[in-house]
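Peer 1:
Number of protein chains: 2
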Amino acid sequence: MAHQPARTARIEFWFDFGSNYSYPAVMRIDELVADSDTKVVWRPFLLGPIFRSFGWETSPFVLQKEKGAYVWRDMERQCAKYHLPWKRPSNFPRRAILPMRVAILGSNEPWISAYNKQIMLMNFAQDRDIEAPQLVGEVLQGLGLPAPEILRAAQTDENKLRLREQTETARTRGIFGAPTFFVGEEMFWGNDRLEDALDYARKQSEEAGSGPKD
Amino acid sequence: MAHQPARTARIEFWFDFGSNYSYPAVMRIDELVADSDTKVVWRPFLLGPIFRSFGWETSPFVLQKEKGAYVWRDMERQCAKYHLPWKRPSNFPRRAILPMRVAILGSNEPWISAYNKQIMLMNFAQDRDIEAPQLVGEVLQGLGLPAPEILRAAQTDENKLRLREQTETARTRGIFGAPTFFVGEEMFWGNDRLEDALDYARKQSEEAGSGPKD
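Keeping their order, the protein sequence lines are chains S and V.
Anchor point for the first sequence: position 210 equals 224 in the numbering used here, and the numbering is continuous, going up by one each time.
Anchor point for the second sequence: position 148 equals 162 in the numbering used here, and the numbering is continuous, going up by one each time.
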């Protein structure tokens, strides 16, 4: 077609609800893409099996106490900077398999971004047990969704397998932490690289849009 | 005094010439503080003994190959963003004890910032062996300094001890990587936090300046 519009930019957002630096990124991305034609592709995956593949039994923020001590102060400052509520989780890293299964089930649904934010707030602003079915159900209900139905679908073998497979994909793509963003094959690691990843996505789509039309 | 001016803000800049993320921070800080009354206090220290105290024999970017693969691409992009030249060092992390001894010797001298930049460029833009006395001498000469005299003073037992002691101070202050910035007791880790550290320093000094005069 002669008048094909510029391509929509796409950014893959790989995250785990237990990951503290995923929290500000989940909270910030909608506003950052609001004025642009960028589509966020949500990619929930489990960080635990990735860490175990490195021989680590838990988060490096727990294993390396010097970095761990720093990280909680940094989170406090970062959340203040972004005007996000913050309460240090009393349990870290928090198990989040049930809410992650719901996230992968709903990853293409219109409610996914609002759901991700609510679960993140439960973990990092309210210090709640995000693995509890009741809490996940309340979050879904609060979004006007059929909670029992979604929770049932999230716990099917097929959906459980989907989360395991996505975690394996994360590993094979070289993901070693969260949040991680992909724009095509270009990887960006950390909340600190979110703006850079979005700039890159926009430039790529401009170039694609201004190239030869098919 | 009744008319004491606002206090000069101070930021401690802890770095190692072998540290790749110290490179953009060393190159950027002068411009970032140019319009403000912020004093940079240079704190060279050796990252190697810090890593060894964690049981690591070398840089985590070498030990953890997934992160390592990412870091070099990230450096390339970060340097492009900051308009800094970049060439991946063929030897990493590069031994830098001699230039570090010169840095601690000159840490209060007017030439220190220019010297730090030149050594960093040799490592991360020219892939040169920065441990070679001839190279360090050339850098000093290029700055119009008495190179043989400075190299001699850098290699005295007293100055060698000073670098070992500063490294031990880094460890006791909880430093686990470089660059690290301190504003008072507030620690900021990484080139990504340089702007935040400077903002914090300015706010602290404004508060001190607007407080009761002595």
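For each residue, glycine too, the CB sits at the ideal point set by N, CA and C.
In whole angstroms, what separates the C-alpha of residue 96/S from that of residue 42/S?
Peer 2: In a straight line, the C-alpha of residue 96/S is about 8 angstroms away from that of residue 42/S.
Peer 1: If we define contact as Cβ-Cβ less than 9 angstroms, is residue 189/S a contact residue for chain V?
Peer 2: Yes, residue 189/S counts as interfacial toward chain V.
Peer 1: Just to confirm the assignment: which complete alpha helix (DSSP H) runs, minimum length 4, are found wholly within the region 118-167 of chain V?
Peer 2: Within the region 118-167 of chain V, the complete alpha helix (DSSP H) runs of at least 4 residues are 126-138, 147-156.
Peer 1: DSSP beta-bridge partners for residue 203/V?
Peer 2: Its beta-bridge partners are 194/V.
Peer 1: Would you call residue 113/S buried or exposed, if buried means 16 or more other Cβ atoms sit within 10 Å of its Cβ?
Peer 2: The residue in question, residue 113/S, is buried, as its Cβ has 16 or more Cβ neighbours within 10 Å.
Peer 1: Mind checking residue 16/V: buried by the 16 CB within 10 Å criterion, or exposed?
Peer 2: Bear in mind that the predicted position of residue 16/V carries a pLDDT of just 47, short of 50, making it unreliable; the figure below should be weighed with that in mind. Burial call: exposed.
Peer 1: Below 8 angstroms between beta carbons is the criterion; list the residues of the region 72-97 of chain S that meet it against any residue of chain V, in chain order.
Peer 2: Answer set for the region 72-97 of chain S: 78, 80, 81, 83, 84, 87, 88, 91, 95.
Peer 1: Return the chain-ordered list of same chain residues with a C-beta closer than 8 angstroms to the C-beta of residue 117/V, the five sequence neighbours on each side being excluded.
Peer 2: Cβ neighbours of residue 117/V beyond the five flanking positions: 31, 56, 58, 126, 129, 130, 133.
Peer 1: Would you verify that the beta carbon of residue 21/V is, or is not, closer than 9 angstroms to some beta carbon of chain S?
Peer 2: Residue 21/V does not count as touching chain S.
Peer 1: Considering only C-alpha positions, which residue in the set 24/S, 138/S, 150/S is nearest to residue 89/S?
Peer 2: For residue 89/S, the nearest C-alpha among the options comes from 138/S.
Peer 1: Where does residue 26/S land, buried or exposed, given buried means 16+ other C-beta within 10 angstroms?
Peer 2: Buried, by the Cβ-count rule.
Peer 1: Okay, do the region 68-76 of chain V and the region 170-181 of chain S touch, 3+ Cβ pairs below 8 angstroms being the bar?
Peer 2: In short, these stretches do not touch, since the Cβ pair count stays below three.
Peer 1: Could you say which of 157/V, 156/V, 161/V lies nearest to residue 147/V if we only look at CA atoms?
Peer 2: Comparing Cα-Cα distances from residue 147/V to each of 157/V, 156/V, 161/V, the minimum goes to 161/V.
Peer 1: For the beta strand (DSSP E) that contains residue 25/S, what are its first and last residues?
Peer 2: Residues 23-29.
Peer 1: Taking any Cβ of chain V, which residues in the region 190-205 of chain S have a Cβ under 7 angstroms from it, in chain order?
Peer 2: Those residues of the region 190-205 of chain S that come within reach of chain V (Cβ to Cβ, closer than 7 angstroms) are 190, 201, 203.
Peer 1: For a contact meaning CB atoms closer than 8 angstroms, what does residue 210/S contact in chain V?
Peer 2: The answer, in chain order, is 91, 95.
Peer 1: Residues of chain S with CB closer than 7 angstroms to the CB of residue 68/V, please, in chain order.
Peer 2: The answer, in chain order, is 78.
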